[in-house]
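Start counting the sequence shown at 1; every next residue gets the next number (our numbering). First comes the structure, then the notes that go with it.
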Amino acid sequence: IELAYDRRAEVFRILLLLNVVHLNRRASEADRKSGEIETCKFPFAVLGESWDIEHVDSQTANDLKEPEVRREWLDTALSDLSDMITPEQRAQIRKLQESKESDAEDRLIRFLRCDVAQEADQDDDAKNNISNLVLLDASTNRSYKNSLFVRKRKTIIQRRENGQYVPETTSYVFFKLFEKTAQSRWRWTPEDMQVYANYMVEQLKDYLPEAKEEN
Numbered sequence: 001i002e003l004a005y006d007r008r009a010e011v012f013r014i015l016l017l018l019n020v021v022h023l024n025r026r027a028s029e030a031d032r033k034s035g036e037i038e039t040c041k042f043p044f045a046v047l048g049e050s051w052d053i054e055h056v057d058s059q060t061a062n063d064l065k066e067p068e069v070r071r072e073w074l075d076t077a078l079s080d081l082s083d084m085i086t087p088e089q090r091a092q093i094r095k096l097q098e099s100k101e102s103d104a105e106d107r108l109i110r111f112l113r114c115d116v117a118q119e120a121d122q123d124d125d126a127k128n129n130i131s132n133l134v135l136l137d138a139s140t141n142r143s144y145k146n147s148l149f150v151r152k153r154k155t156i157i158q159r160r161e162n163g164q165y166v167p168e169t170t171s172y173v174f175f176k177l178f179e180k181t182a183q184s185r186w187r188w189t190p191e192d193m194q195v196y197a198n199y200m201v202e203q204l205k206d207y208l209p210e211a212k213e214e215n
């Protein structure tokens with residue numbers, strides 16, 4: 001689906017429809033399997049709250065400008081990635097932390113994102129495509145700002161455990177349930193974006209003219 005973030009109203013409607021269809025199909029499958037009626041409907045009452053269109057792969061490179069924001073991002077990333085950092089990577093991190101070069105902090109941010117978290121650098125068109133977008137309540141979205149995928153995933157889990165409503169498709173994206181053979185639950189890759197896009201087209205094929213024609 002070629003639809004970009006700047007067309008927010010259309011993106012919001014598509015993502016909302018995706019969640020409704022997702023839940024309707026789950027309910028239908030449950031009925032067929034159990035022979036019982038399972039209530040599984042989108043809670044439209046939540047739409048009275050404030051909602052954001054969230055970038056799964058955040059726009060870190062564009063938004064980490066203020067020194068305080070950069071330091072907070074680095075502290076959080078180092079904490080979230082602590083179990084993944086190899087001894088060799090830890091030595092490189094220490095070297096960058098101790099460096100007096102003017103670009104050392106930029107290099108450290110890039111090292112954590114690309115080498116440790118293995119989040120691929122993508123251009124703005126890819127990041128702003130609907131295959132990298134989900135619905136999320138504004139409070140949750142703004143609480144973790146431009147964090148790595150691993151932090152966002154942990155936050156989503158905590159919010160759900162605390163009773164915060166997280167749209168079903170959004171949860172599927174962060175738990176990576178579309179791809180049962182996903183190599184890592186802790187990073188979001190271009191391959192994951194493609195799987196999500198394929199899922200979107202499959203779920204919405206009855207509503208998308210292009211998908212109908214292809215089928």
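C-beta atoms are modelled at their ideal positions from N, C-alpha and C, and glycine is treated no differently.
>> Could you give the first and the last residue of the continuous beta strand (DSSP E) run that contains residue 52?
In response: DSSP places residue 52 in the uninterrupted beta strand (DSSP E) bounded by 51-55.
> What's the C-alpha gap between residue 92 and residue 190?
Replying inline: Looking at the two C-alpha atoms, the distance is approximately 26 Å.
>> Between which residues of its own chain and residue 165 is the CB-CB distance below 8 Å, once the five residues before and five after are set aside?
In response: Residues of the same chain with a CB within less than 8 Å of the CB of residue 165, apart from the 5 flanking positions on each side, are 43, 46, 137 in chain order.
> Based on the DSSP secondary-structure assignment, which residues constitute the bridge partners of residue 64?
Replying inline: Residue 64 is not bridged by DSSP to any residue.
> Do you know offhand how far residue 73's Cα is from residue 58's?
Replying inline: Put simply, the backbone Cα of residue 73 is about 12 Å away from that of residue 58.
> Are residue 81 and residue 116 closer than 8 Å when you measure CB to CB?
Replying inline: When the beta-carbon positions are compared, residue 81 and residue 116 come within less than 8 Å of each other.
>> Bridge partners for residue 133 per DSSP, in chain order?
In response: According to DSSP, residue pairing for residue 133 in a beta bridge involves 55.
> Where do the N-terminal and C-terminal ends of the alpha helix (DSSP H) with residue 200 fall, by residue?
Replying inline: First-last of the alpha helix (DSSP H) with residue 200: 190-203.
> Do you know how far the Cα of residue 102 is from the Cα of residue 89?
Replying inline: Approximately 21 Å, taken between the alpha carbons.
>> Assuming the contact rule is C-beta atoms closer than 8 Å, residue 193 and residue 131 should be a hit. Round their C-beta distance to whole Å, please.
In response: 4 Å between Cβ atoms; contact.
> How close, in whole Å, do the beta carbons of residue 125 and residue 114 come, if the pair is a contact with beta carbons under 8 Å?
Replying inline: Residue 125 to residue 114, Cβ: 19 Å. No contact.
> Which of the three DSSP states, helix, strand or coil, is assigned to residue 166?
Replying inline: In the structure shown, the three-state DSSP call for residue 166 is coil.
> Since residue 155 is in the alpha helix (DSSP H), which residue starts that stretch and which ends it?
Replying inline: Where residue 155 is concerned, the enclosing alpha helix (DSSP H) stretches over 149-161.
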